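Enquirer: Add 222 to the 1-based position in the sequence shown for our numbering, that's all there is to it.
Idealized CB from N, CA, C, for every residue including glycine.
These numbers come from a predicted model, not from an experiment.
This is the structure, below, for whatever I ask next.
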Amino acid sequence: MLKRLTFIVILLVFAKPAYDVATKYFDDLGVLPNIEVESVGQPEQEQPTSGLIATVAQQGASAELPKKIGSPEQLADAFYYYFSRFEESFTIDYKGSTADIENMLKQATEDGASRDTYIEGHLGARQIEYEYGKMHATINVSQEYLTNVEQERVVDAKVAAIVATVDPSSMTDFEKVKFTNDYIVQNTAYSEDTVVSAHSACAVAQEGKAVCQGYALFALKLLRALDVEAMYVVGEVYTGGHAWNLVQVDGEWYHLDTTWNDPVPDRGKGVRYDYFLINDTDLRKDHTWIAEDYPQATSDKYRYMHVVQDSYEKGDYVYFSHSDQNNKLYRLNKKTGEASLLTDTRALFIVGHGDWLYFSNYSNGGYLSKIRLDGSEQSTLYREEVKNLFIENNMLYFTAQDGMKKVEL
């Protein structure tokens, strides 16, 4: 007898509220210092060093195909084996009882997929056809994915290059998670307009664009490469389906939503921490998920990070725009978690060099300004709204109304 089953297991999730950029206030300017500002084209980005880690397909080689497939467990092993290789069409020769074959197939596919949530997050529509007798079934599977082996090689090469820029052995769990969050937010824009699937990790790695599913899957891949215990989480927000991560820091679980830490409209290097190392209670204010499917996150140790926006770190301090204080410029002691006002100025796009901070002064039209790390000697450098500040090779780059410019520091 020939029967056909079709399971649609794809979960396409993308949701992100539009965060408004701070309202601009215009005050009278002081004296404009004499600086030389040069218009530039887009600066060349340094190419990361190459280096490959095993692709998912290669990692799947550790998932052996059973020599005999005659039990529900072995059937799940077989599905995982093929899923881990992103096989789009495969046949399983099952030799065992078929008394409850429909439920057995459903459970086996679920069990096989759930063994690696990175793979599970990339699964698409599935069609299963099978022919069976009492103790035998020939199972033909057509499986769609949001990625493929070649795209996963791109992801692995990108992750390897990112990890090569740091020394994971010298980093704490907190630093690894913050590094992951900051890298993804600063190098990814929320968008469905991608060549590869916007729901895949490859969209982040290859195009720097994705929806929340891509953000969370790439975060999972990078966190694993940094030896951080992490999970891929599926739930809902007010706009519908959504995806994020759970991460373990010093033995405690926390939620990490890199998508909602990424400001909209995209602000280049601007990073939010509203959804960084957040516990269940705080996340439930705007996220829902099936709690019993995931470990509990109860610690509020890092709640102080949730007001940090557009930051620069040096030594024991984080200099940041305080999201609960009208984006005023604050300084946070990382050891104590205590924050203190550095200046009443509303600051965004904060970067640092030497003893100075540079930022867009939104108490003064978004003009380019600087201030010492101790809060003294604040001045205006460029009398025009500027955005997307970054420093490279002792040059300060920023975007003005007529394009990108640079200032020698």
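From G457 to W511, what distance separates their C-alpha atoms?
Expert: Distance between the alpha carbons of G457 and W511: 4 Å.
Enquirer: Just verifying my parser: in three-state terms, what is the DSSP assignment at G334?
Expert: helix
Enquirer: I'd like to check one pair, I572 with D532: are the Cβ atoms closer than 8 Å?
Expert: yes
Enquirer: Taking the continuous beta strand (DSSP E) assigned at S306, which residues delimit it?
Expert: Element bounds for S306: not the beta strand (DSSP E) but the alpha helix (DSSP H), P294 to S306.
Enquirer: How many angstroms separate the CA atom of A240 from the CA atom of G436?
Expert: Residue placement at A240 cannot be trusted, given a pLDDT of 34 that sits under 50; what the coordinates show is reported in the next sentence. For A240 and G436, the distance between alpha carbons rounds to 18 Å.
Enquirer: Would DSSP call S319 helix, strand or coil?
Expert: coil
Enquirer: Give the DSSP bridge partners of A452, in chain order.
Expert: Paired residues: V469.
Enquirer: CA-CA distance, L439 and N370?
Expert: 14 Å
Enquirer: What's the gap between the Cα of L611 and the Cα of E535?
Expert: 15 Å
Enquirer: Helix, strand or coil for E374? Go by DSSP, reduced to three states.
Expert: helix
Enquirer: What is the residue span of the beta strand (DSSP E) that Q435 lies within?
Expert: From DSSP, Q435 is part of no beta strand (DSSP E) but of the alpha helix (DSSP H) over C434 to A447.
Enquirer: So V381 packs on K443, CB below 8 Å; how close in whole Å?
Expert: Between K443 and V381 the Cβ distance is about 6 Å, and since that is below 8 Å, they are a contact.
Enquirer: When DSSP builds the beta bridges, which residues end up paired with T394?
Expert: Paired residue(s): none; T394 is not in a bridge.
Enquirer: Short check: CB of C434 to CB of A465, under 8 Å?
Expert: yes
Enquirer: H358 to L345, Cα distance in whole Å?
Expert: 27 Å
Enquirer: Tell me the DSSP secondary structure of K550 in three-state form.
Expert: strand
Enquirer: Residues in the same chain with beta-carbon distance under 8 Å from M393, minus the five sequence neighbours each way, listed in chain order, please.
Expert: Cβ-Cβ distances below 8 Å link M393 to F401 and L448 in the same chain, with the five nearest sequence neighbours on each side left out; the list follows chain order.
Enquirer: Could you tell me whether the region 325-340 touches the region 385-399, using the rule of 3 or more Cβ pairs below 8 Å?
Expert: no
Enquirer: Between the Cα of G587 and the Cα atoms of F581, L595, E342 and E606, which residue gives the shortest distance?
Expert: E606
Enquirer: Does the distance from the CB of Y191 to the CB of L478 come in under 8 Å?
Expert: As displayed, the chain neither begins before 223 nor continues past 631, which places residue 191 out of reach and without an answer.
Enquirer: Considering only residues of the same chain and omitting the five flanking positions on each side of L595, which have a CB-CB separation below 6 Å?
Expert: D577
Enquirer: Assign H544 to buried or exposed, taking buried as 16 or more other Cβ atoms, counted over all protein chains shown, within 10 Å of its Cβ.
Expert: buried
Enquirer: Is it buried or exposed for Q373, if we count other Cβ within 10 angstroms and need 16 for buried?
Expert: buried
Enquirer: Which residue from V385, R494 and N467 puts its Cα closest to that of D404?
Expert: The option with the nearest alpha carbon to D404 is R494.
Enquirer: Which value, in whole angstroms, describes the spacing of the CA atoms of I500 and P485?
Expert: Between I500 and P485, the C-alpha separation is close to 17 Å.
Enquirer: Between A425 and T416, how many whole angstroms is the CB-CB distance? I'm expecting something under 8 Å.
Expert: 5 Å
Enquirer: Hey, could you find the ends of the beta strand (DSSP E) L564 is sitting in?
Expert: A561 to H575
Enquirer: By Cβ distance, which residues of its chain are closer than 7 Å to V253, with the 5 residues on each side in sequence left out?
Expert: Below a pLDDT of 50, predicted positions are generally treated as unreliable, and V253, at 37, falls in that range; the measurement from the model is reported next regardless. Within the same chain, V253 has no close Cβ partners at all.
Enquirer: Measure the beta-carbon distance from G292 to K317 and round it to whole angstroms, keeping in mind my assumption that it falls under 8 Å.
Expert: 5 Å
Enquirer: If I'm right that K616 touches L631 with Cβ under 8 Å, what's the distance once you round it to whole angstroms?
Expert: In the sequence under discussion, the amino acid at residue 616 is Asn, which differs from the Lys named in the question. Their Cβ separation, rounded to whole angstroms, is 5 Å, which keeps N616 and L631 in contact under 8 Å.
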